[in-house]
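Asker: The structure's right below; bear with me while I get my questions together.
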Amino acid sequence: MQIVISGMIFGCVYGLAALGLVLIFRTTGVVNFAHGEIAMVNTFIAFTFLSDYQMPFFAAFFLALLISGAIGVLVYLLFIRHVNEAPHLNQLVLTLGLFMVFHGAAGLIWGHSPNGFPKAINSSPFEVGGVFVSMNDVFIVGITLLLALALFFLFRYTRIGLAMRASAQDLTAARLMGINVNIVYMVTWGTGTILGAVAGLLAAPYTFLSVTMMFNILIMAFAAAVLAGFASLPGAVLGGVLIGVFRNLIRFYWDPKMALIATFALIVIILYVRPQGIFGARQVIKKV
């Protein structure tokens with residue numbers, strides 16, 4: 006049970022990163038390969054606030070998230086907006102280029118040596134039903150649930166959420182209905198990058214802060230998004246949790262080196278049986 010709970014906790018980090026990926030893809034149709042590197046840069050920004058300016062953790066945390074949202078909006082305005090209706094390959098190449106830009110810039114500014122990063126809440130583990138957890142673990146699970154619920158209410162009960170769903174379903178019809186698609190896309194990219202930044206800030210105490218800290222997390226986030234069919238926001242979180250638990254079980258009962266291989270073997274099997282993913286809906290295309 007300890008292995009399962011530990012996997013669920015870090016699976017929440019995968020789920021948060023996957024939430025950002027799915028949100029951006031579901032609304033704009035862009036697969037953002039720079040998602041992890043933007044999160045890494047924002048984690049370094051938070052680290053700068055903590056180490057150079059001696060800011061309290063949560064002040065640095067929320068200020069870094071605001072900067073993350075601004076970076077997401079700027080990325081959309083400066084780059085993505087110009088390839089919105091371009092072929093998907095062009096969009097992929099652009100996000101890969103942004104991946105390299107953010108990665109290289111972080112290395113030049115902060116260097117390549119790993120650094121320690123503080124936890125949000127420092128406390129000794131306590132026992133619950135034979136399982137040891139810490140208040141930081143509770144914080145990770147709590148903020149994941151809170152953000153997932155916030156996105157659910159955003160999509161279901163707000164005008165911007167309705168506009169995001171309309172833009173995702175039919176861009177031309179959304180424009181004809183008077184929806185400002187640029188505003189919708191800016192909100193989407195800002196929100197998506199904030200979700201990625203939260204994942205980076207929560208993961209840094211466990212992975213150490215470095216320019217490569219988000220590589221494995223992004224891979225697992227993509228895996229979670231695939232399980233969600235790149236369509237379901239709750240499915241992205243559940244997919245991240247499932248992958249976190251599965252990886253922990255493989256590491257403990259088999260071989261830590263086989264965790265990544267076994268995870269993707271499982272995904273291949275699932276997609277072979279259910280190509281739209283566990284939580285994705287089957288699409289039917291009617292030919293006229």
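The numbers in the working numbering rise by one with no breaks, and the one at position 167 of the sequence shown is 172. For every residue, glycine included, the Cβ atom is placed at its ideal position computed from N, Cα and C. The structure displayed is predicted, hence computed values, not measured ones.
Relative to the C-alpha of Ile114, which candidate in Lys124, Asn47 and Phe227 has its C-alpha closest?
Answerer: Among Lys124, Asn47 and Phe227, the Cα nearest to that of Ile114 is on Asn47.
Asker: If you draw a straight line from the alpha carbon of Phe66 to that of Val18, how long is it in whole angstroms?
Answerer: Their backbone Cα atoms lie some 16 angstroms apart in a straight line.
Asker: Going along the chain, which residues of its own chain have a beta-carbon closer than 6 angstroms to the beta-carbon of Ser139, five neighbours each way excluded?
Answerer: Once the five neighbours on either side are set aside, the close Cβ partners of Ser139 are Ser128 and Pro130.
Asker: Indicate the three-state DSSP secondary structure (helix, strand or coil) for Asn37 in the structure shown.
Answerer: Looking at Asn37 - three-state DSSP - the assignment turns out to be coil, as it is neither helix nor strand.
Asker: Looking at Ile199: is its Cβ nearer than 8 angstroms to the Cβ of Gly77?
Answerer: Result yes, Cβ atoms of Ile199 and Gly77 sit closer than 8 angstroms.
Asker: If you drop the 5 nearest sequence neighbours on each side, which residues of the same chain put their C-beta closer than 8 angstroms to that of Leu276?
Answerer: Cβ neighbours of Leu276 beyond the five flanking positions: Val231 and Gly282.
Asker: I'd like to check one pair, Ala111 with Phe49: are the Cβ atoms closer than 8 angstroms?
Answerer: Yes.
Asker: Just the C-alpha distance for Ile266 and Ile255, rounded to the nearest angstrom, thanks.
Answerer: C-alpha separation (whole angstroms): 10 angstroms.
Asker: Drop a sphere of 10 angstroms on the beta-carbon of Arg180, count the other beta-carbons inside from all chains shown, and report buried for 16 or more, exposed for fewer.
Answerer: So Arg180 ends up on the exposed side.
Asker: Output the boundary residues of the beta strand (DSSP E) element that contains Phe137.
Answerer: Segment Val136 to Val138, the beta strand (DSSP E) holding Phe137.
Asker: So, helix, strand or coil for Val133, using DSSP?
Answerer: Looking at Val133 - three-state DSSP - the assignment turns out to be strand.
Asker: Tell me whether the segment 229-249 and the segment 25-37 touch, counting them as touching only if at least three CB pairs, one residue from each stretch, are closer than 8 angstroms.
Answerer: Judged by Cβ distances under 8 angstroms, the segment 229-249 makes contact with the segment 25-37, as three or more pairs qualify.
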